[in-house]
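Before any comments, here is the structure.
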Amino acid sequence: MRSLVRRTHLATIVLATTLTLTACDPADEAPPAAPAASAPVSEPTKSASSTSPAGTGKHTLAEAATVGGLTKATGADAVSDVPVDPGEMRDGMHLVVADYNRAGQTSGRHIHFVGVDGVPEDPNKRREHLWRGLIDYALQNGSTGTPTTAKPYEPGPLGGSLECLSLPESGTPTDVICGWSDTTTAAVALFPRTTPADAARLFAGMRADLEH
Numbered sequence: 005m006r007s008l009v010r011r012t013h014l015a016t017i018v019l020a021t022t023l024t025l026t027a028c029d030p031a032d033e034a035p036p037a038a039p040a041a042s043a044p045v046s047e048p049t050k051s052a053s054s055t056s057p058a059g060t061g062k063h064t065l066a067e068a069a070t071v072g073g074l075t076k077a078t079g080a081d082a083v084s085d086v087p088v089d090p091g092e093m094r095d096g097m098h099l100v101v102a103d104y105n106r107a108g109q110t111s112g113r114h115i116h117f118v119g120v121d122g123v124p125e126d127p128n129k130r131r132e133h134l135w136r137g138l139i140d141y142a143l144q145n146g147s148t149g150t151p152t153t154a155k156p157y158e159p160g161p162l163g164g165s166l167e168c169l170s171l172p173e174s175g176t177p178t179d180v181i182c183g184w185s186d187t188t189t190a191a192v193a194l195f196p197r198t199t200p201a202d203a204a205r206l207f208a209g210m211r212a213d214l215e216h
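As C-alpha cells, this is what we get:
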C-alpha cells in the first residue's frame, strides 16, 4: 500500500513538471527565421539578332530610266500595255512594267520587267503568280522549252528572296526568268539568251535601282 502511494506521488510530480515546461512564456522562444528574399528577376537582354535584318522593312517600287546598267526602252520600243497579269491590284499598290536594253542594244528582244509593291498577301504567292504569267508571255514571244525548277541566288542588300529558272532550248544560253520577293514587293523579269547565274546578278543590280 505504501509502495502504491509513493508511485502515485511520483507520477504527480512528473506530470506537474511537464505542464510547467509546456506552459512557458512564448516570448522566451526564438522567433522563426525570416524567409529568404527572392532574387530580382531581370528583363531579358535583347541580342543583336533581334534587330530587323535587311529586307524586312516596307519597300516600294518606282520606274527608272536606267537600272543595273540597263537603259529603259522608249518611243516605239516602250511597253504599250501590261502583257502579264499582275494579280489583284488594291488601293496603295503600285505596278511597274518596263522593257530594258543592254548597253549598246539597238534591236532584238528586250529584258521585260513586271513588279508590284504594297502586296497584301504572302509576297511569295504573288511572285509565283507573276512567274506563271511571265512564262506564258515568254513562250508566246520567242522562248521555248519546259521551265526548270527555280533556284535561289544572292538577293543583294535589300534581302528577301531572289530565284531564277530557265527555259531550256536546244542550245545555250537559254532564256531565263528571275523573281524576287520580300515583305511588301514581288517582281519578275525575262532575260533573253543568258544563263541563270548571269541573270541573277543583273536582276539584283536592277532591283537596287527599282526598289526603295
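In this note's numbering, the protein residues as written are 5 to 216.
Ideal Cβ positions, reconstructed from N, Cα and C, are used throughout, including at glycine.
For clarity, every value in this text was computed on a predicted model and none was experimentally measured.
Could you give the distance in angstroms between the alpha-carbon of residue i and the alpha-carbon of residue j?
| i | j | result |
| --- | --- | --- |
| T70 | A102 | 11 Å |
| G149 | P172 | 5 Å |
| P151 | G91 | 21 Å |
| L143 | L166 | 22 Å |
| R106 | G96 | 32 Å |
| Y141 | C182 | 14 Å |
| K155 | C168 | 6 Å |
| V86 | D186 | 23 Å |
| G79 | D126 | 36 Å |
| V192 | R211 | 10 Å |
| T75 | Q109 | 9 Å |
| V123 | G137 | 17 Å |
| G61 | H114 | 31 Å |
| G164 | S147 | 28 Å |
| A68 | N128 | 24 Å |
| A77 | S84 | 11 Å |
Among the candidates the options, whose CA atom is the shortest distance from the CA of residue i?
| i | options | result |
| --- | --- | --- |
| G209 | T64, G72, G61 and A77 | G72 |
| L194 | D85, E132 and S170 | S170 |
| E158 | G183, A204 and T78 | A204 |
| D81 | D179, N145, S111 and H98 | S111 |
| F207 | H63, A77, R94 and Y104 | Y104 |
| L134 | T189, R113, V88 and G146 | V88 |
| M93 | P200, P196 and T189 | T189 |
| I139 | H116, A68, T64 and T75 | H116 |
| A201 | V180, H216 and W184 | V180 |
If you run the structure through DSSP and keep just helix, strand and coil, what is residue i?
| i | result |
| --- | --- |
| P30 | Confidence at P30 is low in this model, with a pLDDT of 39, below 50, so the placement of that residue should be treated as unreliable; the coordinate-derived value is given next. DSSP places P30 in helix when its eight states are reduced to three. |
| D179 | strand |
| P196 | strand |
| D213 | helix |
| T22 | Note that T22 scores a pLDDT of 39, beneath 50, so its modelled location is shaky; the value from the coordinates is reported in the next line. T22 falls in the helix class under three-state DSSP. |
| A204 | helix |
| M5 | For M5, the predicted structure reports a pLDDT of 44, less than 50, and the residue's modelled location is therefore unreliable. A value from the coordinates is still provided. Reduced to three states, the DSSP call for M5 is coil. |
| A40 | Caution is warranted here: a pLDDT of 42 is assigned to A40, below 50, making its placement in the model unreliable, and the coordinate value is therefore given only provisionally. In the structure shown, A40 sits in coil (DSSP, three-state: anything other than H, G, I, E or B). |
| A190 | strand |
Look at the Cβ atom of residue i, then the Cβ atom of residue j, and state whether they are nearer than 8 Å.
| i | j | result |
| --- | --- | --- |
| L162 | A66 | no |
| R130 | V118 | no |
| P177 | T198 | yes |
| H63 | H216 | yes |
Along the chain, where does the alpha helix (DSSP H) containing residue i start, and where does it finish?
| i | result |
| --- | --- |
| E132 | P127 to L143 |
Just reading off the beta strand (DSSP E) that residue i is part of, what are its end residues?
| i | result |
| --- | --- |
| D121 | I115 to D121 |
| V101 | H98 to N105 |
| K155 | K155 to Y157 |
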